[in-house]
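Asks: All residue numbers in the sequence shown are consecutive under my numbering, ending with 506. Using N, Cα and C, we set each Cβ at its ideal position, and we do this for glycine too.
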Amino acid sequence: MKKRVLSLLLIPFLLFYALPAEAAEKEERTLGDEVIYSLVIDRFNDGNVKNDAGVNVYDAHAYNGGDFAGITEKLDYLKDMGFTSILLSPIFDNEGESFQSGLVKDFYKPDEHYGTIKEFRKLVHAAHKKHLKIILDFDVNTIGPHHPWLKDPAKKNWVRLNKEVSSTGSIKLDQENPETKKYLVEMGSWWIKETNIDGYRLDKMNDISQSFWLDLAHAAKSVKKDFYLIGELQDLSKESISAYEKAGIRGFMDHTQTDPMRSAFKKPNGDLSPLFSELNRNQQAYTHPEASEKFIDNKDMPRFTYDINARLLNPGTRWKMALSYMYTSPGVPVIYYGSEIALNGGKAPDNQRLMGFKTEKELIDYITKLGELRKKYPSLRKGSMKLLYEKDGMAVFKRTYKEETMAVAINNTDKSQTVRISGGEFEKGKELRGLLEGDLVRSKGDTYTIILDREKTEVYELAPKSGINMAYIFAMAAVIIAFAIFIALILKRGKRNPS
């Protein structure tokens with residue numbers, strides 16, 4: 008009887024904590040929801056020494072041993088940081104002793120230094136089990152000088168008539184030739200069918216006709232409806248990209264933001280206005296601005312860390328500023344491998360050094376936190392954006408999606424900054440709760456005063472003002488009362504049954 012009474016008394020307390028939170032509205036995952044980790048396969052991680060023939064880690068031009076097995080080993084490492092997709096460097100079987108792509112000898116085989124197609128399928132399968140997507144860098148512009156096609160009279164028109172040869176020895180294909188186009192489009196579909204990959208980054212689109220990319224897009228979408236297609240175009244005007252968007256190429260590598268980002272964040276007091284001007288242009292040009300890909304460095308330029316070190320500054324501080332912008336402004340962050348450890352390097356191949364995994368975790372932890380915020384708050388992924396303040400390296404903008412409003416404050420200066428936001432930009436009677444630095448800004452009337460330390464970023468959630476948490480007080484009172492009753496019953500039972 009006493010046990011029954013005690014159980015009944017505890018039921019309200021247990022129910023209070025057992026009540027499920029309101030189920031979040033389940034929405035289809037799209038390209039705009041991704042956070043992409045871009046890696047050079049050969050320089051990431053060596054997981055299978057059996058394919059290390061010709062490997063020389065002391066030669067920046069030679070193979071260094073990274074492979075599919077090595078990536079498979081590190082999937083948890085990437086997932087734990089909040090990455091949702093992995094963009095792989097080209098995997099086609101390559102000629103020569105250099106890991107640099109473009110000297111293709113077989114489009115239907117992975118390079119032997121990276122592993123077998125069985126190992127690649129294993130990588131894709133393992134990634135999918137962890138809800139990670141695999142995207143390939145799809146480079147079909149050139150072949151190597153010893154490719155069998157060059158000795159086949161029936162395929163003499165598969166390459167450019169003048170057999171254009173690059174400085175690396177690669178020869179350009181003629182995708183306008185119907186047979187060449189058919190072969191490459193079918194090959195693109197084959198990789199999707201055979202390995203279940205999730206997307207292509209379409210490399211050097213300007214070097215190949217629009218009709219080729221439209222045919223490829225149609226074929227890829229026919230195989231896998233939700234297949235990602237990310238374009239690399241030099242001309243990102245609305246007129247240039249509209250036809251590609253209609254064909255299902257949803258995202259584009261937004262190189263127009265790269266230089267403004269590097270210029271702004273490589274040093275304190277960097278001007279943010281060119282960056283926000285470019286961002287505003289993009290909002291007008293893209294049908295899906297949330298799906299455009301932002302990157303601050305890649306294999307074609309010196310590392311961002313290189314710019315920072317040239318100024319004898321702390322890479323961690325500067326990287327945090329840049330990453331905060333990339334994760335909270337419209338578009339998909341594309342993070343080049345090694346950025347999480349501030350990997351250094353000048354022009355290629357120096358910017359493609361071997362990845363290191365035994366290092367400080369400061370940036371890894373920061374990226375992880377940013378990934379958590381981007382995942383938790385839809386407004387950071389798909390919300391509208393409005394710039395509220397921008398002057399001399401200090402900026403505040405808000406992101407809004409449905410009933411959710413976030414604010415982002417970036418102090419890219421060497422002094423503390425104070426910004427007052429009023430005019431009804433945020434609801435009266437609420438507060439801005441800082442999620443990175445723990446700041447709290449309460450409204451006074453319709454004014455919110457943000458005070459931010461030098462070289463810091465804060466991400467705020469607009470929420471009701473926090474006061475006395477009555478639910479918490481009632482719950483704690485229930486615990487105390489239940490515990491008191493429990494003790495009383497034990498004591499009473501002890502008196503009735505003396506030892």
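Mind checking who Pro-117 pairs with in its DSSP beta bridge?
Replies: Pro-117 pairs with Phe-99.
Asks: Met-392 lies in the beta strand (DSSP E); which residues open and close that run?
Replies: Unbroken beta strand (DSSP E) run through Met-392: 391–398.
Asks: Is it true that the stretch 218–234 meets the stretch 293–301, where meeting means three or more beta-carbon pairs spaced less than 8 Å apart?
Replies: Judged by Cβ distances under 8 Å, the stretch 218–234 makes no contact with the stretch 293–301, as fewer than three pairs qualify.
Asks: Who are the near neighbours of Lys-112 in its chain, counting only those whose CB is closer than 6 Å to its CB and skipping five residues on each side?
Replies: For Lys-112, where only same-chain residues beyond five positions count, the Cβ hits under 6 Å are Asp-100, Glu-102, Gly-151, His-154.
Asks: Spell out the partners DSSP gives Asp-144 in its beta bridges.
Replies: Looking at the DSSP assignment, Asp-144 forms a beta bridge with Arg-208.
Asks: Return yes when the C-beta of Pro-117 is under 7 Å from any heavy atom of the ligand MG, and no when it is not.
Replies: With respect to the ligand MG, the structure shown offers nothing to examine, as it has no ligands at all.
Asks: Can you tell me which residues form a DSSP beta bridge with Gln-424?
Replies: According to DSSP, which records beta bridges pairwise, Gln-424 is partnered with Leu-459.
Asks: Am I right that Tyr-384 and Glu-411 are in contact with their C-beta atoms under 8 Å? What's the rounded C-beta distance?
Replies: Contact holds; Cβ gap of about 6 Å.
Asks: On the CB-based measure, 16 or more other CB atoms within 10 Å of its CB, does Gln-241 come out buried or exposed?
Replies: Looking at its Cβ environment, which holds fewer than 16 other Cβ atoms inside 10 Å, Gln-241 is exposed.
Asks: Would you mind sorting Thr-312 into buried or exposed? The rule is 16 or more other CB atoms within 10 Å of its CB.
Replies: Counting Cβ neighbours within 10 Å, Thr-312 comes out buried, since at least 16 surround it.
Asks: Could you tell me the alpha carbon to alpha carbon distance between Lys-499 and Ala-491, rounded to whole angstroms?
Replies: So the two alpha carbons sit approximately 12 Å from each other.
Asks: With Pro-524 and Lys-354 assumed to form a contact (beta carbons below 8 Å), what rounded beta-carbon distance in angstroms separates them?
Replies: With the chain covering only 8 through 506, there is no way to say anything about residue 524.
Asks: Determine the extent of the beta strand (DSSP E) in which Tyr-251 is found, giving its start and end residues.
Replies: First-last for Tyr-251: 245–253, but that is the alpha helix (DSSP H), not the beta strand (DSSP E).
Asks: Taking the C-alpha atoms as reference points, what is the distance between Gly-431 and Gly-452?
Replies: So the alpha carbons of these two residues sit roughly 10 Å apart.
Asks: Between Asn-148, Lys-188, Phe-433, Thr-37, which has its C-alpha nearest Arg-406's C-alpha?
Replies: Ranking the options by Cα distance to Arg-406, first place goes to Phe-433.
Asks: Exposed or buried, what is Gln-291 when buried is set at 16 or more other beta-carbons lying within 10 Å of its beta-carbon?
Replies: Its Cβ having fewer than 16 others within 10 Å, Gln-291 is exposed.
Asks: Out of Glu-80, Ala-227, Lys-158, point me to the one whose CA is closest to Lys-200's CA.
Replies: Among Glu-80, Ala-227, Lys-158, the Cα nearest to that of Lys-200 belongs to Ala-227.
Asks: Just checking my contact of Gly-507 with Val-339 at CB under 8 Å: how many whole Å lie between their CB atoms?
Replies: This structure gives no information on residue 507, because the portion of the chain shown stretches from 8 to 506.
Asks: How about Val-230 and Ser-196: are their beta carbons less than 8 Å apart?
Replies: Yes, these two residues count as a Cβ contact at 8 Å.
Asks: Work out the CA separation of Asp-159 and Arg-325 for me, nearest whole Å.
Replies: So the alpha carbons of these two residues sit roughly 54 Å apart.
Asks: Strictly by DSSP, which residues pair up with Pro-471?
Replies: DSSP output for Pro-471 lists Lys-437 as bridge partner(s).
Asks: Quick check: the stretch 43–55 against the stretch 86–95, are at least 3 beta-carbon pairs closer than 8 Å?
Replies: With a cut-off of 8 Å, the stretch 43–55 and the stretch 86–95 count as touching, because enough Cβ pairs lie within range.
Asks: What residue range is occupied by the uninterrupted alpha helix (DSSP H) comprising Glu-411?
Replies: Looking at the DSSP string, Glu-411 is not in any alpha helix (DSSP H); the run it does join, the beta strand (DSSP E), is 411–418.
Asks: Please classify Tyr-115 as buried or exposed, where buried requires at least 16 neighbouring CB atoms within 10 angstroms.
Replies: Label assigned to Tyr-115: exposed.
Asks: Which same chain residues end up closer than 7 Å to Val-165 when comparing Cβ atoms and leaving out the 5 residues on each side of it in sequence?
Replies: Here the sequence assigns Trp to residue 165, which means Val is not the residue at that position. Taken in chain order, the residues that qualify are Trp-156, Leu-180, Asp-181, Asn-184, Glu-186, Thr-187.
Asks: Tell me, to the nearest whole angstrom, how far the beta carbon of Thr-265 is from that of Phe-302; I am working on the premise that it is less than 8 Å.
Replies: With a Cβ gap of about 6 Å, Thr-265 and Phe-302 count as contacting.
Asks: For Leu-191, I'd like the list of residues in its chain whose CB is within less than 7 Å of its CB, leaving aside the five on either flank, ordered along the chain.
Replies: Excluding positions up to five away in sequence, the list reads Val-147, Gln-182.
Asks: What number of angstroms, rounded off, separates the C-alpha of Leu-459 from the C-alpha of Glu-444?
Replies: Their backbone Cα atoms lie some 9 Å apart in a straight line.
Asks: When you compare each of Ser-284, Leu-442, Thr-420 to Leu-380 by their alpha carbons, which one comes out closest?
Replies: Nearest C-alpha to Leu-380: Leu-442.
Asks: Spatial neighbours of Asp-59 within its chain, please: CB distance less than 6 Å, with the 5 preceding and 5 following residues excluded, ordered by chain position.
Replies: Gly-72.
Asks: How big is the Cα-Cα spacing for Asp-307 and Glu-468?
Replies: Cα to Cα, Asp-307 sits roughly 37 Å from Glu-468.
Asks: Between Ala-69 and chain D, is any beta-carbon pair separated by less than 8 Å?
Replies: The structure shown contains no chain D; it is built from a single protein chain.
Asks: Run the CB neighbour count on Lys-463, radius 10 Å, all protein chains shown included, and call it buried at 16 or more, exposed below.
Replies: Buried: at least 16 other Cβ atoms inside 10 Å.
Asks: Return the bridge partner residues of Arg-449 from the DSSP annotation.
Replies: Answer is Glu-438, bridged to Arg-449.
Asks: Name the one or two DSSP bridge partners that Ile-5 has.
Replies: Outside the shown range of the chain (8 to 506) lies residue 5, about which nothing can therefore be said.
Asks: Thinking just about the alpha-carbon of each residue, which of Ile-141, Glu-397, Ala-161, Arg-461 is nearest to the one in Pro-281?
Replies: Considering only alpha carbons, the answer is Glu-397.
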